[in-house]
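This report concerns only the one structure given below.
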Amino acid sequence: MSTTDTGTDADTPPDLEFFWDPVCPFAWITSRWVEKVVAQTGYTVDWRFISLRVLNKDRDYAKDFPAGYERGHTAGLRMLRVAAKVRADLGRNVMGPLYDAMGQHYWEMPKGSGLRDRIGTAEHTAGALATAGLPTEYALAVDDDSWDAEIEAETELALSRTGRDVGTPIITFEPPDGLSFFGPVISRVPSDEQAVPLWNAVIELARFPGFAELKRSLREAPQLNVLGTVTDAPEMEDWEAGSRKAHKPR
Numbered sequence: 447m448s449t450t451d452t453g454t455d456a457d458t459p460p461d462l463e464f465f466w467d468p469v470c471p472f473a474w475i476t477s478r479w480v481e482k483v484v485a486q487t488g489y490t491v492d493w494r495f496i497s498l499r500v501l502n503k504d505r506d507y508a509k510d511f512p513a514g515y516e517r518g519h520t521a522g523l524r525m526l527r528v529a530a531k532v533r534a535d536l537g538r539n540v541m542g543p544l545y546d547a548m549g550q551h552y553w554e555m556p557k558g559s560g561l562r563d564r565i566g567t568a569e570h571t572a573g574a575l576a577t578a579g580l581p582t583e584y585a586l587a588v589d590d591d592s593w594d595a596e597i598e599a600e601t602e603l604a605l606s607r608t609g610r611d612v613g614t615p616i617i618t619f620e621p622p623d624g625l626s627f628f629g630p631v632i633s634r635v636p637s638d639e640q641a642v643p644l645w646n647a648v649i650e651l652a653r654f655p656g657f658a659e660l661k662r663s664l665r666e667a668p669q670l671n672v673l674g675t676v677t678d679a680p681e682m683e684d685w686e687a688g689s690r691k692a693h694k695p696r
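For what it's worth, this note's numbering labels the leading residue of the sequence shown as 447, then goes sequentially.
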């Protein structure tokens, strides 16, 4: 099953709710894993919103994040405004293809594509809409902050299920009553053969009501084209509160 047929407009709940922000590298990598699982299992997914800009609205970006993070998080919010309008007009089933297209126009672009100044603009977002087969006029919603209340409410819903000391993505297993977790955070997309066995291991943890966390801060650099980090021997980095520790202000 592809993202174009998730079944999320049906009366039955989806198997998963996946809360995504288009500028989170780990949400993108995990979503590609989820797509492989969907293709092999027939799972249904409701692709919902969580905004890193909203989640960090009380943080001091100059002190707590590397340079450029506030701009990036704001770009993600602008793209989610477009997604919110598209969902309101066309339904939930187009969210998967739209997220896929937004990722193609960011994470799958080669390093040096000049995206830093274009991500989250109407022009950039129109390209993603076209790739998803959606009207490009929706790109004008990047400036429409009337959608922010809905995006914030959905962000708060995700956080109400996990607690606030988390990041993106957040997944709810067997909604609405199943457990929710931040992650799984992975730095590379599993192969087709690895995808389902790895997912089944996660499901076993998620179904145990006493499970809370499995985490390490030392990890591979996210394997993404736009970062120029795709390699057979990834560099290990230390991450802290959603960003690379070595890149934070000292």
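Every residue, glycine too, gets a C-beta built ideally from N, C-alpha and C.
- Annotation for leucine 651: Phe657 and Leu660 place their beta carbon closer than 8 Å to its own, counting only its chain and skipping 5 residues before and after.
- The C-beta of proline 695 has fewer than 16 other C-beta atoms within 10 Å across all chains shown, which makes the residue exposed.
- Unbroken alpha helix (DSSP H) runs of no fewer than 4 residues, entirely contained in the stretch 453-510, are found at 471-487, 498-501 and 507-510, following chain order.
- Annotation for glutamate 666: the continuous beta strand (DSSP E) segment containing it runs 664-666.
- In this structure, the alpha-carbon of glutamine 486 lies about 21 Å from that of phenylalanine 465.
- Boundaries of the alpha helix (DSSP H) harbouring threonine 601: 594-608, taken from the DSSP string.
- Inclusion of isoleucine 617 and glutamate 481 in the CB contact set at 8 Å is not warranted, their separation being larger than that value.
- When C-alpha distances from leucine 561 are compared across Asp590, Met682, Val469 and Ser663, the shortest belongs to Val469.
- Of Asp492, Thr476, Pro471 and Phe627, the smallest CA-CA separation from arginine 538 is found for Asp492.
- According to DSSP, residue pairing for serine 626 in a beta bridge involves Thr618.
- In the DSSP assignment, methionine 541 falls within the alpha helix (DSSP H) that extends over 541-550.
- With respect to the 8 Å criterion, serine 626 and threonine 614 are not classified as neighbours on the basis of their beta carbons.
- Fewer than three beta-carbon pairs drawn from the stretch 509-524 and the stretch 631-641 are found closer than 8 Å, and the two stretches are therefore not classed as touching.
- Comparing alpha-carbon positions, the option among Pro512, Leu605, Asp510 and Ala578 lying closest to glycine 629 turns out to be Leu605.
- Going by DSSP, methionine 525 is part of the alpha helix (DSSP H) stretching over 515-536.
- In the same chain as alanine 547, and ignoring 5 residues on each side of it, the C-beta atoms closer than 6 Å to its own belong to Ala574, Thr577 and Ala578, in chain order.
- Between valine 672 and tyrosine 552, the gap from beta carbon to beta carbon is short of 8 Å.
- For glutamate 683, the closest alpha carbon among the candidates Glu666, Val676 and Asp563 is that of Glu666.
- Boundaries for glutamate 686: no alpha helix (DSSP H) harbours it, while the beta strand (DSSP E) harbouring it runs 682-686, taken from the DSSP string.
- Rounded to whole angstroms, the separation of the alpha carbons of glycine 542 and serine 559 is 24 Å.
- If you draw a straight line from the Cα of arginine 653 to the Cα of glutamate 583, it is about 42 Å long.
- Membership of proline 643 in the alpha helix (DSSP H) is indicated by the continuous run 638-652.
- By alpha-carbon distance to aspartate 623, the top candidate from Val631, Ala647 and Pro655 is Pro655.
- Taking a 10 Å sphere around the C-beta of leucine 580, we find 16 or more other C-beta atoms and assign the residue as buried.
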